[in-house]
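Let me begin by presenting the structure, written as structure tokens, before commenting on it.
Protein chains: 2
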Amino acid sequence: MIANTPEPPYYAVIFTSIKEEVTEGYAEMAEQMEALARQQPGFLGVESAREEIGITVSYWSSLDAIKQWKENAKHRIAQRLGYQEWYTSYRTRICLVEREYGIDAK
Amino acid sequence: MIANTPEPPYYAVIFTSIKEEVTEGYAEMAEQMEALARQQPGFLGVESAREEIGITVSYWSSLDAIKQWKENAKHRIAQRLGYQEWYTSYRTRICLVEREYGIDAK
């Protein structure tokens with residue numbers, strides 16, 4: 079699903095990652111973390127796809143909302159496991175969304 | 079490949095799309111457009127993955143570089159075909175990347 083975000087400005091976190099070949103527990107954790115993110119204050123939406131690399135873009139109302147999510151206790155455990163066990167490499171980019179346009183369906 | 083972008087600030091264009099089931103000519107055009115984008119002034123990198131939705135994030139040195147790429151004649155033809163033939167829905171978000179962190183490999 080394309081995230082149904084509000085009028086800008088708002089924030090985006092672009093998380094790009096390359097996984098190890100074997101990633102036990104990863105899929106369940108990813109699913110749990112998405113469900114948990116959706117309950118966070120300031121959460122606006124999320125988009126995700128993986129082929130050679132994985133890209134997850136989550137949208138937030140403020141930098142403070144991103145900070146709170148980053149510091150969420152369960153999310154911190156997931157982050158640590160990700161960096162130690164599952165990801166070969168990753169990059170996180172914190173962005174201010176300035177403009178948005180598109181069509182929702184034909 | 080995770081894009082090897084410079085120190086922020088720089089810009090990101092997050093392009094999220096859902097394709098029609100049949101998209102004749104799409105793959106060739108996507109490949110051509112990526113090659114063409116890489117030659118544009120101000121191009122910094124691109125990341126792309128598609129499952130249920132497609133996410134392509136391209137990185138640029140300035141808003142002006144994004145504008146020039148948007149107005150590139152060959153790219154305009156591709157955009158028109160995309161909107162008329164290939165995409166059921168899409169969203170383009172123009173973002174200022176404020177912070178970036180990560181690891182490149184273990």
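Note that the protein sequences, when read in sequence, are chains B and R. Just so you know, we're using the working numbering here: the first sequence kicks off at 79 and counts up by one. Just so you know, we're using the working numbering here: the second sequence kicks off at 79 and counts up by one. Beta carbons are placed, not taken as given, at the ideal position from N, Cα and C, and that holds for glycine.
What residues are listed by DSSP as bridge partners for residue i?
i	result
Y179(R)	T170(B)
S139(R)	Partner(s): none; S139(R) has no beta bridge.
E125(B)	V135(B)
V91(R)	S136(R), I172(R)
K97(R)	Y165(R)
What residues of chain B sit near residue i, judged by a beta carbon separation below 7 Å?
i	result
A90(R)	I92, R171, C173
D182(R)	S167
Interface residues of chain B around residue i at Cβ under 9 Å?
i	result
E125(R)	I92, T94, I131, I133, R169
M65(R)	Nothing can be reported for residue 65(R): it is not among the residues displayed for chain R, which extend from 79 to 184.
Report buried or exposed for residue i, applying the criterion of at least 16 other Cβ atoms within 10 angstroms of its Cβ.
i	result
A127(B)	buried
E125(B)	buried
I80(R)	buried
I131(R)	buried
I133(B)	buried
Y92(B)	Before going on, a small fix: residue 92(B) reads as Ile here, not Tyr. Classification of I92(B): buried, given that the 10 Å Cβ count is 16 or more.
So which residues of chain R does residue i contact, with C-beta pairs closer than 9 Å?
i	result
R116(B)	Correct list: empty, because the minimum Cβ distance to chain R is about 17 Å.
Would you mind telling me which residues of chain B sit closer than 8 Å to residue i, beta carbon to beta carbon, in chain order?
i	result
E178(R)	R169, T170, R171, I172
The ligand HEM heavy atoms versus the CB of residue i: any closer than 7 Å?
i	result
R171(B)	No copy of the ligand HEM appears in this structure; indeed no ligand is present at all.
Taking contact to mean at least 3 C-beta pairs separated by less than 8 Å, is the region 97–110 of chain R in contact with the region 157–176 of chain B?
A contact is defined here as three or more CB-CB pairs under 8 Å, and the region 97–110 of chain R fails this definition with respect to the region 157–176 of chain B.
Touch test, the region 129–143 of chain B against the region 81–92 of chain B, Cβ-Cβ under 8 Å, three pairs minimum
They touch, by the three-pair rule.
Decide yes or no for the touch test of the region 144–160 of chain R against the region 142–151 of chain B: beta carbon pairs closer than 8 Å, at least 3 of them.
Short answer: they don't touch.
Evaluate contact between the region 174–182 of chain B and the region 104–124 of chain B, counting only Cβ atoms and requiring at least three cross-stretch pairs below 8 Å.
Inter-segment contact for the region 174–182 of chain B and the region 104–124 of chain B is absent: fewer than three beta-carbon pairs are separated by less than 8 Å.
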